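Anchor point for the sequence shown: position 215 equals 215 in UniProt numbering, and the numbering is continuous, going up by one each time.
Note that beta-carbon positions come from the ideal geometry of N, C-alpha and C, so glycine has one too.
It should be emphasised that the depicted structure is a prediction, and the values quoted were computed from it without experimental measurement.
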Amino acid sequence: MEKQALLYEGKAKRVYETNDEKIVWIEYKDEATAFNGEKKTTIAGKGKLNNEISALLFEKLREKGIESHFVKKLSETEQLVKNVQIIPLEVVVRNIAAGSLAKRLGMEEGEVLPETIVEFYYKNDDLGDPLLTRDHIRILGLVEETELALLREKGLAVNDVLVPYFKNLNIDLVDFKLEFGIGADGEVMLADEISPDTCRLWDAETGEKLDKDVFRRDLGSLTETYSKLLERLTVAP
Ligand code: C5P
Numbered sequence: 001m002e003k004q005a006l007l008y009e010g011k012a013k014r015v016y017e018t019n020d021e022k023i024v025w026i027e028y029k030d031e032a033t034a035f036n037g038e039k040k041t042t043i044a045g046k047g048k049l050n051n052e053i054s055a056l057l058f059e060k061l062r063e064k065g066i067e068s069h070f071v072k073k074l075s076e077t078e079q080l081v082k083n084v085q086i087i088p089l090e091v092v093v094r095n096i097a098a099g100s101l102a103k104r105l106g107m108e109e110g111e112v113l114p115e116t117i118v119e120f121y122y123k124n125d126d127l128g129d130p131l132l133t134r135d136h137i138r139i140l141g142l143v144e145e146t147e148l149a150l151l152r153e154k155g156l157a158v159n160d161v162l163v164p165y166f167k168n169l170n171i172d173l174v175d176f177k178l179e180f181g182i183g184a185d186g187e188v189m190l191a192d193e194i195s196p197d198t199c200r201l202w203d204a205e206t207g208e209k210l211d212k213d214v215f216r217r218d219l220g221s222l223t224e225t226y227s228k229l230l231e232r233l234t235v236a237p
């Protein structure tokens with residue numbers, strides 16, 4: 001497989017074409033951003049950690065029958081993935097109140113939700129990724145109602161695999177964000193990344209944060225935190 005022209009550069013990754021039109025080459029960057037890019041810095045080693053963690057989680061999901069765009073890890077910072085057209089929706093799944101949900105609904109961070117909830121946000125930097133209702137999604141023409149139901153189901157299916165997986169490592173999966181893409185044959189597929197950049201993960205005993213909130217809230221070293229998480233994931237059975 002040959003790495004060819006740069007197709008797209010996002011906040012955390014670069015996407016290159018390859019000699020196979022169905023496959024793209026992803027490079028995880030060392031950039032850390034928060035609050036829609038307002039807070040931004042370079043953290044050496046971050047790309048490598050997220051590449052490894054994301055590859056590991058996509059592999060775990062595949063083992064449990066959930067396919068994604070992930071093809072294979074190529075190097076410390078690179079992976080091959082299927083070429084998909086990203087749906088401009090962020091699918092957020094929440095088990096425990098935190099972040100914007102706690103703020104919006106006036107809930108205490110850490111309150112266990114009576115049921116897992118799924119939210120949709122518009123992936124649009126200019127608008128600051130607003131929360132969307134079903135009606136908003138319909139009038140924007142982002143996806144059909146049946147596809148929306150499918151995204152919700154897929155989000156919950158990922159949650160059903162990841163909650164017990166992390167629980168076994170004594171980690172609570174508080175919430176996470178997923179993105180989906182449309183593949184060459186029109187199939188809807190899990191895409192982007194699943195990493196401590198896109199999940200909230202708390203140590204089940206101490207409540208220690210093992211995710212990007214460490215960077216967002218200046219709670220300590222991001223690379224130390226992500227390395228500690230990776231270590232726990234790699235000793236997993
Ligand atoms: O900020 P908020 O509480 O809405 O975030 C919910 C979850 O989605 C968190 O795990 C956060 O890391 C993730 N997220 C993300 N990218 C965004 C917004 C949220 O990965 N643009």
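Find out if the Cβ-Cβ distance for the pair S195, I53 is shorter than 7 Å. yes
Residues near A5 by beta carbon distance below 8 Å, same chain, minus five either side: Y16, E17
Quick check on N159: does DSSP put it in helix, strand or coil? helix
Let me confirm a value: I139 is counted as buried when at least 16 other C-beta atoms fall within 10 Å, else exposed. Which label applies? exposed
L105 classed as buried or exposed, judged by whether at least 16 other C-beta atoms fall within 10 angstroms: The residue in question, L105, is exposed, as its Cβ has fewer than 16 Cβ neighbours within 10 Å.
Opening and closing residue of the alpha helix (DSSP H) in which R216 lies: 213-216
If K73 and N51 are in contact, beta carbons under 8 Å, what's the gap, nearest whole angstrom? 7 Å
Looking at A98 and R217, is the spacing between their C-beta atoms short of 7 Å? no
Cβ-Cβ separation, F70 to V84 (assumed contact under 8 Å), whole Å: With a Cβ gap of about 11 Å, V84 and F70 do not count as contacting.
Whole angstroms is fine: what's the gap from E231's alpha carbon to V143's? Approximately 38 Å between the Cα atoms of the pair.
Among K13, D160, K167, L150, nearest to E193 - alpha-carbon criterion: Per the Cα distances, K13.
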